[in-house]
Amino acid sequence: MKWLAASALIVATGAAVTTPAWSGPEAIPGVANPARAKQNWMLSCQGCHRADATGTPQTTPTMAGFVAKFLHVPGGREYLVQVPGVATAALSDADLAEVVNWSLVRFDAANVPADFKPYTAAEVARLRLKPLRTEAMTIRAGMVARFAPEPKQQK
Numbered sequence: 082m083k084w085l086a087a088s089a090l091i092v093a094t095g096a097a098v099t100t101p102a103w104s105g106p107e108a109i110p111g112v113a114n115p116a117r118a119k120q121n122w123m124l125s126c127q128g129c130h131r132a133d134a135t136g137t138p139q140t141t142p143t144m145a146g147f148v149a150k151f152l153h154v155p156g157g158r159e160y161l162v163q164v165p166g167v168a169t170a171a172l173s174d175a176d177l178a179e180v181v182n183w184s185l186v187r188f189d190a191a192n193v194p195a196d197f198k199p200y201t202a203a204e205v206a207r208l209r210l211k212p213l214r215t216e217a218m219t220i221r222a223g224m225v226a227r228f229a230p231e232p233k234q235q236k
């Protein structure tokens, strides 16, 4: 896949993941219009998660270099659409699927699984019917505890 090869190159070369060199009609899986996805991110997500997806430690978890790790644990794929700010976003199911797919690659390409299947409007519609509320942080903590440990740095 072009997008995975591009992300591996970015990680291997140490280039900033914030400026991926996606190209071609399938540059980001499930994103028909990257400009629209970016605009929807800016209007619906950036206010809390910040432009660089680093969030605010007291109120909004970081997504940068982290969000795609949820795709590696049971229930994580569902969680990403069911968190309150996503499930209740004022976007159509198709636009929400597109912005989620876009944000996974845009902010955490290195952790997107090689076999990643893009979210679809139908999947988003089904998942949004059961939004998480007060339990979201507890569920998140349980999933984060199951993430693979980070490789130890050589000294």
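Note that my numbering has the sequence shown beginning at 82, numbered continuously upward. Where is the CB? At the ideal position from N, CA and C, for every residue including glycine.
When C-beta atoms of the region 203-210 are compared with those of the region 171-179, three or more pairs fall below 8 Å, so the two segments count as touching. A check of alpha carbon separations from Ala168 across Lys233, Glu204 and Leu185 identifies Glu204 as the nearest. With contact defined as three or more Cβ pairs closer than 8 Å, the region 194-204 and the region 117-132 are not in contact. Rounded to the nearest whole angstrom, the C-alpha separation of Thr219 and Ala108 is 34 Å. Comparing alpha-carbon positions, the option among Ala149, Ala116, Arg187 and Gln120 lying closest to Met224 turns out to be Ala149.
Rounded to the nearest angstrom, the gap between the Cα atoms of Lys198 and Arg221 is 21 Å. Here the C-alpha atom of Ala170 lies approximately 19 Å from the C-alpha atom of Arg187. Short of 7 Å from the beta carbon of Pro165, and not among the five residues preceding or following it, lie these beta carbons of its own chain, in chain order: Pro212, Leu213, Arg214 and Ala217. By the Cβ neighbour-count rule, Ala113 is exposed, with fewer than 16 other Cβ atoms within 10 Å of its own.
Per DSSP, the unbroken alpha helix (DSSP H) holding Ile220 starts and ends at Ala217 to Ala226.
Inclusion of Ala134 and Met144 in the CB contact set at 8 Å is warranted, their separation being smaller than that value.
Boundaries of the alpha helix (DSSP H) harbouring Arg207: Ala202 to Arg209, taken from the DSSP string. Cβ-Cβ separation between Arg227 and Glu179: approximately 28 Å, too far for a contact (criterion under 8 Å).
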